[in-house]
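Student: Sharing a structure below in structure tokens format, with a few things to ask.
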Amino acid sequence: MSKLIIVDGNSIANRAFYALPLLSNSQGVHTNAVYGFTTMLLKLIEDEQPTHFLVAFDAGKVTFRHADYKEYKGGRAKTPPELSEQFPLIRELMTAFGIQQFELDGYEADDIIGTLTKQADEQQMEVLVVTGDKDMLQLASDQVTIGLTRKGISEMEKYDPDTIEEKYGLKPLQIIDLKGLMGDSSDNIPGIPGVGEKTGLKLLHAYGSVEEVLNHVEELKGKMKEKVAAHADDAKMSKELATIFREVPMELAVDQLAYNGYEEEKLAEMFKRMEFKSLLEKMELKASGEPVGEESVPVEIVEKDSLDKLVSRLDEIEAFYVEVIGDNPHNGEVVGMAFACQDVCYFVRPEMLSTPEGEPLAAWLREGELSKTTYDAHRIQLALAWSGLDTRGVQFDVLLAGYLLDPTQGDPSVKGLADAYGIPSLPADEEVYGKGAKFKLPDSQTLAEHIGRKALTVKRVADKQKEHIETLEMKELFYDLELPLSGVLATMELTGVKVSREELEDYGKELTAKLAEVKAKIVELAGREFNLNSPKQLGEILFEELGLPVVKKTKTGYSTDAEVLEKLEPHHEIIGHLLYYRQISKLQSTYIEGLLKEIREETGKIHTYYRQTIAATGRLSSQYPNLQNIPIRLEEGRKIRKVFKPSEPDWSILAADYSQIELRILAHISKDEKLMEAFQQDQDIHTKTAMDVFGVQADEVDGEMRRRAKAVNFGIVYGISDYGLSQNLGITRKEAAQFIEQYFNVFEGVKRFMDEIVKEAKQNGHVSTLLKRRRNLPEINASNFNQRSFAERTAMNTPIQGTAADIIKLAMVQMMERMEQEGVKSRMLLQVHDELVFEVPPDEVELMKKIVRETMEGALPLEVPLKVEISTGKDWYEAK
DNA sequence: ATCTTCACG
DNA sequence: ACGTACGTGAAGATG
């Protein structure tokens, strides 16, 4: 069966360009789009095994669409020169790959592809169209699949008519109608104002096509009716513009596109010129006979009597890997470990470490100051600790390094890292173990090979990453902060926090009684029994049976979230009870029951697992259970904190939190005079903001003004938009915009920072924190408004939130060292983003207050002081 | 598995 | 004109 791949050249080049950082070779030629294009082609050829291949490009600037509508694609930002200069190289790349390319004056690649897929349909040929452009979905058919590139470039989502039906409820051709209604700002296609994807889909589900919507305009209601009627012609024209022309007069026919693979020499020559070292290496490996995907690794399964062989080579170990099964490392099962030396990987079953013969190996793991490289030292340390084994002194961790190099990288597994760095790949865990209910360990030879291969890959990945860490100036961040922090976290987690099961159960009983009471009330008011936890059933009751007004809808039905319910509160007595039910049942299920499940029987403690490689900003996250979202805002919830106790009699809980750390950081990095002054004089920042923004004296600031100023300050930190602020304050967008303008008039430095950071992000494709933590923003130059705006807000927020994360992490590492120096018995227990929690014996309370303050306030000196508030109590509730 | 809701900073 | 505030994790319902 023949299979044709058609690549939308311009679309993919664009995608590749914005998805990858702006690489350039030693000649200063930018190569990121070429690189992205190359990896995509390699992957396509390998995965799809095409028999026919073509890349289509747009030609010239004026297409037939401009003849009808001269604004077509007007307003679109010019292609940046860094990308245009890569197009000739991409053309050369096609030649090196031996792939035919095609373009035709006056037509876009879409139309060429449309015409070819039509021919393919007629000839019963299987086609895969690869593009980043959703419009192309209109070409899907039984023969034609559309592959849309997802985030990045290497991943692709395939659409056939069935998947389109599933996702949009539309036939492929109706995609044109959808665009006719929605328009497309990037191509300057107008559509109907106010109609986005949601409304567009709703209209099409009801009427089927643009024409039918226009025929039934009388059935529509309110604003919608007016808008559709007023823009009927726009909709018709937009539909025409969005329709791919499938009758391009061209000579080319599908049977002339046969693809016979590439000549490695030609490709290698191109790679050399582009300086694609990793791709070259990969090709050479492949040429040397080792199949890249299925490289076989010499693995030796170590038995008790052959342990001495490994033990004699301990200082030759280049990397090791420990397989921990299960999501929660505190009860993870260690099923094997591999130690990679230059010529062979040794596979060891974990039981061996607890035998006399295994002791030297256990000692090697335990010892510091050794060159140890691994994957996820934190997880290993926890899993092994529960079997009484110590792990220390890891000097390179490829998971952690991968996170720092790209915190949003999709697949953080060993395989994912290997693929990202162009290192010979290995089977996915899923292929070896199966997943979900099908999870099963393979025979020991297969297991040993898989784990051995991972250890070897860890070594190769580490070598690559070390270069990158150097070039991105992340050595300090990695070696002096994140790596030591991983040990600090493990210590805190293993310490755990004492939780009173009895008090938790007592409070649970109280809540159960309240729930029964309020449930009865709700059922009475609703007129029938239903599942109060089901938004669907609740929606039926409220909006169909009780006839309450629909405020907001979700994808699947009526929205019943707290925001909606609060709006409905005056309309019906049931609403207040529902809000109360929601509040209490959340406490019951997530906090009472959830926490009870996590208390270890042996110790009466909860051991959370802090994740160091999840949050895109550099923050930690907490799981099993999450101890970073224990209630505090409402009293009923705050009571939960009473069950968190010191683990020794008469000790106290000491909680220390940074006051306004994010705004202080903003003051420091923006150097805004007003903001710096406010903190240097230790003024109440929200009151001060209110004074400046509303132009009043301190004594004139009332509660409402302060509340609004506070919301503006939050907005500033989040990357403000008038819409977001208006939603938060329940005011109009115009009013919100005015507040923002007034704010920026006063805080000029903040305004300058916001503008600069977005500009910088657009130029470099990334933003950084004070400690050079980095976050790529591939979408910062996207043509899609939503994607781009999101990236812009992220550009403003990440340096702030991320620097706050840097600072508290620094404080944690320094604090752990300081506590050792001081020889205190006190223990660090928890971190909640801007707060550290300790348990402290009575005679150390004063000393700890002093050193906690010194360490946290002095962790990273800024131009404004950092301020820490400390309190103590007999439990976490009292330490407020 | 995905969606909705809600807890925290 | 477009339509989201930034960053997380967990529970329960539902397909």
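All residue numbers in the first sequence are consecutive under full-length UniProt numbering, ending with 880. Yeah, the Cβ is synthetic: ideal placement off N, Cα and C, and Gly gets one too.
Does the distance from the C-beta atom of F753 to that of I661 stay below 8 Å?
Tutor: Residue mapping note: residue 753 aligns to position 753 of the first sequence, counting from 1. Residue mapping note: residue 661 aligns to position 661 of the first sequence, counting from 1. Cβ distance not < 8 Å, so F753 and I661 don't count as in contact.
Student: Have a look at Y877 and I423 and give me their C-alpha separation to the nearest angstrom.
Tutor: Taking the first sequence and counting its residues from 1, one reaches residue 877 at position 877. Taking the first sequence and counting its residues from 1, one reaches residue 423 at position 423. So the alpha carbons of these two residues sit roughly 51 Å apart.
Student: I'd like the list of long-range same chain contacts for K521, defined as Cβ closer than 7 Å, with 5 residues on each side in sequence excluded.
Tutor: In the first sequence, counting from the first residue as 1, residue 521 sits at position 521. Taken in chain order, the residues that qualify are H577.
Student: Output needed for A120: all residues of its chain with C-beta closer than 7 Å, excluding positions within five of it in sequence on either side, in chain order.
Tutor: Indexing the first sequence from 1 puts residue 120 at position 120. Excluding residues within five positions, the ones whose Cβ falls inside 7 Å are L4, V127, Q143, V144 and V254.
Student: Could you tell me whether the stretch 735 to 747 touches the stretch 714 to 724, where touching means 3 or more Cβ pairs closer than 8 Å?
Tutor: Taking 8 Å as the limit for Cβ pairs, the verdict is that the stretch 714 to 724 does touch the stretch 735 to 747.
Student: Nearest to A709 by alpha carbon, out of L203, Q697, D702 and A690?
Tutor: Position 709 of the first sequence holds residue 709. If we check each option's Cα against that of A709, A690 comes out closest.
Student: From M270, M224, E219 and G496, pick the residue whose C-alpha is nearest to that of H330; which is it?
Tutor: Mapped onto the first sequence, residue 330 falls at position 330. When each option's Cα is compared against that of H330, the closest is G496.
Student: Give the secondary structure of V311 by DSSP, where H, G and I count as helix, E and B as strand, and everything else as coil.
Tutor: Reading the first sequence from its first residue, position 311 is the one you call residue 311. The answer is helix: DSSP assigns V311 an H, G or I state.
Student: Got a sec, what are the start and stop residues for the alpha helix (DSSP H) F57 sits in?
Tutor: As a working note, residue 57 is residue 57 in the first sequence. Looking at the DSSP string, F57 is not in any alpha helix (DSSP H), and its letter there is neither H nor E.
Student: Take R453 as the anchor and find which of Q342, S826, L370 and F396 has the nearest alpha-carbon.
Tutor: In the first sequence, counting from the first residue as 1, residue 453 sits at position 453. It is Q342.
Student: Hey, out of F679, L456, D834 and E284, whose CA is closest to V297's CA?
Tutor: Taking the first sequence and counting its residues from 1, one reaches residue 297 at position 297. Closest option to V297, Cα to Cα, is L456.
Student: Checking the sheet assignment: what are the DSSP bridge partners for D184?
Tutor: For the purposes of this step, residue 184 is identified with residue 184 of the first sequence, where counting begins at 1. I189.
Student: Kindly indicate which three-state DSSP category F320 falls into: helix, strand or coil?
Tutor: Against the first sequence, residue 320 aligns to sequence position 320. The answer is strand: DSSP assigns F320 an E or B state.
Student: What's the gap between the Cα of A13 and the Cα of R246?
Tutor: To locate residue 13, count along the first sequence from 1; it is residue 13. To locate residue 246, count along the first sequence from 1; it is residue 246. Straight-line Cα distance between these residues: approximately 23 Å.
Student: Where does V696 land, buried or exposed, given buried means 16+ other C-beta within 10 angstroms?
Tutor: Counting from 1 along the first sequence, the entry for residue 696 is found at position 696. When all chains shown are included, V696 counts as exposed.
Student: Please say whether V750 and D672 have beta carbons closer to each other than 8 Å?
Tutor: If you number the first sequence from 1, residue 672 lands on position 672. If you number the first sequence from 1, residue 750 lands on position 750. Cβ distance < 8 Å, so D672 and V750 count as in contact.
Student: With DSSP as the reference, identify every bridge partner of D8, one or two as the case may be.
Tutor: Here the question's residue 8 lines up with position 8 in the first sequence. Beta-bridge pairing links D8 to A56.
Student: Tell me, which residues are paired with L128 by DSSP?
Tutor: Within the first sequence, the letter at position 128 stands for residue 128. Answer by DSSP bridge pairing, in chain order: I5 and T145.
Student: Taking contact to mean at least 3 C-beta pairs separated by less than 8 Å, is the stretch 845 to 859 in contact with the stretch 806 to 825?
Tutor: The stretch 845 to 859 vs the stretch 806 to 825: in contact.
Student: On the DSSP bridge assignment, give the partners of L836 in chain order.
Tutor: The sequence position of residue 836 within the first sequence is 836, counting from 1. Beta-bridge pairing links L836 to A656 and Q831.
Student: Enumerate, from N- to C-terminal direction, the unbroken beta strand (DSSP E) stretches of 3 or more residues contained entirely within the stretch 337 to 413.
Tutor: If we require 3 residues or more, the beta strand (DSSP E) runs fully inside the stretch 337 to 413 come out as 345 to 348.
Student: Of the residues I740, E792, G730 and A782, which one's Cα is nearest the Cα of E760?
Tutor: By 1-based counting over the first sequence, the position of residue 760 is 760. Nearest of I740, E792, G730 and A782 to E760, Cα basis: E792.
Student: Ordered along the chain, which non-local residues of its own chain (more than five positions away) have a Cβ less than 6 Å from that of E857?
Tutor: Residue mapping note: residue 857 aligns to position 857 of the first sequence, counting from 1. Only L866 and V868 meet the Cβ criterion.
Student: Would you check if the distance between the CB atom of residue 968 and the CB atom of T31 is smaller than 8 Å?
Tutor: No answer is possible for residue 968: the residues shown for the chain start at 1 and end at 880.
Student: Express the C-alpha separation of E269 and E290 in angstroms, rounding to a whole number.
Tutor: By 1-based counting over the first sequence, the position of residue 290 is 290. By 1-based counting over the first sequence, the position of residue 269 is 269. With a pLDDT of only 46 at E290, under the threshold of 50, the placement of this residue in the model should not be trusted; the figure read from the coordinates follows. Their Cα atoms are separated by approximately 21 Å.
Student: A56 and I113 look like a contact to me (Cβ under 8 Å); what is the Cβ gap, rounded to whole Å?
Tutor: Taking the first sequence and counting its residues from 1, the one referred to as residue 56 is at position 56. Taking the first sequence and counting its residues from 1, the one referred to as residue 113 is at position 113. Sure, about 5 Å apart at Cβ, within 8 Å.
Student: Distance, Cα to Cα, R379 vs A362?
Tutor: As a position in the first sequence, residue 379 is number 379, starting the count at 1. As a position in the first sequence, residue 362 is number 362, starting the count at 1. In a straight line, the C-alpha of R379 is about 17 Å away from that of A362.
Student: Smallest Cα separation from D406: which of V523, R788 and K772?
Tutor: On the first sequence, position 406 is the one that residue 406 refers to. When only C-alpha atoms are compared, the closest one is K772.
Student: Can you name, in chain order, every residue of its own chain whose Cβ lies under 6 Å from the Cβ of D133, other than the five neighbours on each side?
Tutor: Within the first sequence, residue 133 is the residue found at index 133, counting from 1. Closer than 6 Å at the Cβ level, and outside the excluded window around D133, lie S11.
Student: Could you pull out every residue in the same chain whose Cβ sits closer than 7 Å to the Cβ of F396, ignoring the five residues on either side in sequence?
Tutor: Stepping through the first sequence from its first residue, residue 396 is reached at position 396. Excluding sequence neighbours, F396 sits near T373 and A462.
Student: Inspect the beta-carbon positions of I451 and G336 and report whether they are closer than 8 Å.
Tutor: Working through the first sequence from its first residue, we reach residue 451 at position 451. Working through the first sequence from its first residue, we reach residue 336 at position 336. Yes. Within cutoff.
Student: Taking contact to mean at least 3 C-beta pairs separated by less than 8 Å, is the stretch 162 to 175 in contact with the stretch 34 to 46?
Tutor: Taking 8 Å as the limit for Cβ pairs, the verdict is that the stretch 34 to 46 does not touch the stretch 162 to 175.
Student: May I have the straight-line CA-CA distance separating C345 from L139, to the nearest angstrom?
Tutor: Numbered from its first residue, the first sequence carries residue 345 at position 345. Numbered from its first residue, the first sequence carries residue 139 at position 139. Computed Cα separation, rounded: 50 Å.
Student: Use the C-beta contact count for Y479: other C-beta atoms within 10 angstroms, 16 or more gives buried, fewer gives exposed.
Tutor: Taking the first sequence and counting its residues from 1, one reaches residue 479 at position 479. Classification for Y479: exposed.
Student: What three-state label does DSSP hand Y610 in the structure shown?
Tutor: As a working mapping, residue 610 is identified with position 610 in the first sequence. Strand at Y610.
Student: Rounding to the nearest angstrom, what Cα-Cα distance links E505 and I592 in this structure?
Tutor: Counting from one through the first sequence, the residue named residue 505 turns up at place 505. Counting from one through the first sequence, the residue named residue 592 turns up at place 592. Computed Cα separation, rounded: 7 Å.
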